[in-house]
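The next block holds one structure in the form of structure tokens; read it before the comments.
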Amino acid sequence: MPNEWLMIAGMTLVTILPRYGVLALLGRVEMPRPLFQALRFVPVAVLSAIIVPDIALVNGVLDLSPQNSFLIAGLVAGAVAWWRKNLLLTIVVGMGTLWLWRALILGG
Amino acid sequence: MMSTEFSRRSEFLNGIRDTMPLVIGAIPFGFIFGALAVNNGISAPGTLGLSLFVFAGSSQFIAAGLVAQGTGVLLIIFTTFIVNVRHALYSATLAPHMKHLSQRWLFPLGFWLTDETFAVVVGRYARADGSRYKHWYHLGSSVIMYVNWSLCTLVGVVAGQTIPDLSAWGLNFAMDVTFLGMIMPQLRTRPMLLTAVVAGMSALLFYGLPNKLGLIVAALCGISAGFAAETWLATTKPTTTTAPPEGQKE
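Protein sequence lines, in the order shown, are assigned to chains B and P.
Under our numbering, the first residue of the first sequence carries the number 15, and numbering increases by one thereafter.
Under our numbering, the first residue of the second sequence carries the number 82, and numbering increases by one thereafter.
Set out below in structure tokens:
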């Protein structure tokens, strides 16, 4: 892709900023408490906004039927993650469900 | 328990040992990223560059997804910032324990800060056993995560180039499953749950916006909802609800 290294340089910069920037300013600057509080919601908000369209939309159209293997596997993986809190197990069960569902239920 | 047995070496090795379960969890993640990124049109050196220089898994996945959709570089960088700004929270939590360290230490430890290393070292710093070398523990955890992530990316890049059309295997979905595994355990408070629901629904609603802008709009909706709910709960039931941010010093 064109501009690839520009993208990498920019991503590097905006990632090291929150990681190192706060350490570098140690003690000299206190992070405002409301900002700290809001930051805690960022990972869940961003990742949910990525996951839901990926598994609920098929070619940009909402598909909540059992024909949507991503939705089925996503629900199963979500349940496993909720109960077992095990990342590796969640990945294995999620991908396994996707492939099994496609092969057995949807007939390849 | 002896309190004199701490050396640089033992701290470093203990840091590696205690991070191993998380290293194992990151292996498929790194592999899948490498394969997915080259499938999505990022060059092999560029894919490795992302892991070596950016070193932030979820944002690397998102960038790979945005590249596949032809999103502009500036928007990819902005989205990366939104996704990675959570690290400021980790840094702020660890900073009081790292005050004595020089910039020579702070820069690499900051650069290498991940969800995983934070989760491991925050416990080590909190343990009051008089060790003067806790930053060596931090270093061990950081280095093993970095080396593992780089190697797994490399293996994924090679696999992605040799096995044609890995995308037919549903690799994109592997990313979603990984993210599910990361967030589901966090949804145990009502504000967090609300954040996920609002962000997810908004993402569907705003899906039609160009350049994945819907992602950013939806994330902001989710953050606002969670923040408002937590603030509201705290004012109505100040004793039972939550939860100053972990480790935050008053």
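Even glycine gets a Cβ: it sits at the ideal position worked out from N, Cα and C.
In this text, all values refer to a predicted model and were calculated from it rather than measured experimentally.
Would DSSP call B/V72 helix, strand or coil?
The sequence position of residue 72 of chain B within the first sequence is 58, counting from 1. Three-state DSSP puts B/V72 in a strand.
Over the uninterrupted alpha helix (DSSP H) stretch that includes P/G81, give me the two end residues.
Residue 81 of chain P cannot be examined here, being either before or after the span of chain P that is shown, 82 to 331.
Does P/F93 get closer than 7 Å to chain B when you measure Cβ to Cβ?
Residue numbering aside, residue 93 of chain P sits at position 12 when the second sequence is read from its first letter. Not one chain B Cβ lies under 7 Å of P/F93.
Assigned secondary structure, P/I97 (DSSP; H/G/I helix, E/B strand, else coil)
Stepping through the second sequence from its first residue, residue 97 of chain P is reached at position 16. Looking at P/I97 - three-state DSSP - the assignment turns out to be helix.
Grouping DSSP H, G and I as helix and E and B as strand, with all else coil, what is P/K293?
The sequence position of residue 293 of chain P within the second sequence is 212, counting from 1. Note: P/K293 maps to helix in three-state DSSP.
Tell whether a beta-carbon distance below 7 Å holds between P/T161 and P/S139.
By one-based count along the second sequence, residue 161 of chain P stands at place 80. By one-based count along the second sequence, residue 139 of chain P stands at place 58. No.
In chain B, which residues lie with their C-beta within 8 Å of the C-beta of P/E86?
Here the question's residue 86 of chain P lines up with position 5 in the second sequence. Within 8 Å Cβ-Cβ: nothing; P/E86 doesn't reach chain B, min ~28 Å.
Local conformation of P/D196 per DSSP, three classes:
Walking along the second sequence from the start, residue 196 of chain P turns up at place 115. Of the three classes helix, strand and coil, the one that applies to P/D196 here is helix, per DSSP.
Rounded separation between P/I97 and P/W230 - CA only:
The sequence position of residue 97 of chain P within the second sequence is 16, counting from 1. The sequence position of residue 230 of chain P within the second sequence is 149, counting from 1. Answer to the nearest angstrom: the Cα atoms are 14 Å apart.
Using 8 Å as the threshold, is the segment 47-56 of chain B in touch with the segment 79-97 of chain B, meaning 3 or more CB pairs across them?
no
Taking the alpha carbon of B/R54 as the point to measure from, which residue in P/T198, P/H168 and P/G262 has its own alpha carbon closest?
Here residue 54 of chain B refers to the residue found at position 40 when the first sequence is read from its first residue. Checked all of P/T198, P/H168 and P/G262; the closest Cα to B/R54 is P/H168.
So is P/H168 in contact with chain B if we call contact Cβ pairs under 7 Å?
Taking the second sequence and counting its residues from 1, the one referred to as residue 168 of chain P is at position 87. Taking Cβ atoms only, chain B reaches closer than 7 Å to P/H168, which makes this a yes.
Which word fits P/E327, buried or exposed, when buried means at least 16 other C-beta atoms lie within 10 angstroms of its C-beta?
Taking the second sequence and counting its residues from 1, the one referred to as residue 327 of chain P is at position 246. Note that P/E327 has pLDDT 44, beneath the 50 cutoff, so the model's placement of it is unreliable and the number below is only indicative. That one is exposed.
Classification of B/N73 by the beta-carbon crowding that lies within 10 angstroms, buried from 16 upward:
To locate residue 73 of chain B, count along the first sequence from 1; it is residue 59. Exposed.
With DSSP collapsed to three states, give me the class of B/R33.
Looking up residue 33 of chain B in the first sequence gives position 19. Of the three classes helix, strand and coil, the one that applies to B/R33 here is helix, per DSSP.
Listing by chain order, which chain B residues have their CB less than 7 Å from the CB of P/G204?
Locating residue 204 of chain P in the second sequence gives position 123, counting from the first residue. Chain B residues near P/G204: none, gap ~17 Å exceeds 7 Å.
Does the beta carbon of B/I65 sit closer than 7 Å to a beta carbon anywhere in chain P?
Here residue 65 of chain B refers to the residue found at position 51 when the first sequence is read from its first residue. Cβ-Cβ to chain P under 7 Å: yes for B/I65.
Give me, in chain order, the residues of the same chain whose beta-carbon lies closer than 6 Å to that of B/P32; leave out the 5 immediate sequence neighbours on both sides.
Locating residue 32 of chain B in the first sequence gives position 18, where the first residue counts as 1. Hits under 6 Å: none found.
When the distance is taken between beta carbons, is P/W186 closer than 7 Å to P/H216?
Here residue 216 of chain P is taken as the residue at index 135 of the second sequence, counted from 1. Here residue 186 of chain P is taken as the residue at index 105 of the second sequence, counted from 1. Going by C-beta atoms, P/H216 is nearer than 7 Å to P/W186.
Nearest neighbour of P/G117, chosen from P/L286, P/D257, P/I297 and P/W313 [CA to CA]:
Within the second sequence, numbered from 1, the residue matching residue 117 of chain P stands at position 36. With the sequence shown as reference, residue 117 of chain P is identified as Leu, and Gly is not the correct amino acid for it. The shortest C-alpha separation from P/L117 is found at P/D257.
Can you find a CB in chain P that lies within less than 7 Å of the CB of B/P46?
In the first sequence, counting from the first residue as 1, residue 46 of chain B sits at position 32. Chain P contact via Cβ: absent.
Helix, strand or coil at P/M82 according to DSSP, with G and I counted as helix
Reading the second sequence from its first residue, position 1 is the one you call residue 82 of chain P. Confidence in P/M82 is poor, its pLDDT being 48 and thus under 50, which makes the residue's placement too unreliable to answer from.
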